[in-house]
Amino acid sequence: MECITNIDKSDYIEECKKIVANEIHEDMSDELLTVVTSEIMDTCLTIGGDFAEENIINITKQYVASGALNRIKWAHGGLK
0 MECITNIDKS DYIEECKKIV ANEIHEDMSD ELLTVVTSEI MDTCLTIGGD FAEENIINIT
60 KQYVASGALN RIKWAHGGLK
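Taking numbering that gives the first Met the number 0, the leading residue of the sequence shown gets 0, the next gets one more, and so forth.
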């Protein structure tokens, strides 16, 4: 499955960042938002989806509800 997450996401990252930012409703640096968005995009690919808006929204909501968002933020210095 590692090869799935090695797919170039650069053509989609900016649009996905906007979607994620709209769903999270938290202030975070652009760098941290990029990390979080990339993780969400990888999750979408891993479960067989794509970067469709509804997929990004669904996974973002799951990250928030499960605490995964806070774990990513903590790991990258965005949560003290």
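Beta carbons are placed, not taken as given, at the ideal position from N, Cα and C, and that holds for glycine.
If you follow the alpha helix (DSSP H) that A67 is part of, which residue opens it and which one closes it? Segment A67 to A74, the alpha helix (DSSP H) holding A67.
Do you know offhand how far K72's Cα is from H24's? Taking C-alpha positions only, K72 is separated from H24 by approximately 14 Å.
According to DSSP, is K8 part of a helix, a strand, or is it coil? Collapsing the DSSP output to three states places K8 in coil.
Return helix, strand or coil for M27, following the three-state DSSP convention. Here M27 sits in coil by DSSP.
Could you tell me the alpha carbon to alpha carbon distance between I56 and T42, rounded to whole angstroms? Computed Cα separation, rounded: 12 Å.
Beta-carbon separation of T45 and V19 under 8 Å? No, these two residues do not count as a Cβ contact at 8 Å.
Between the alpha carbons of M0 and D26, how many angstroms are there, rounded? Its pLDDT being 49, under 50, M0 is placed unreliably in this model, and the coordinates cannot settle the point.
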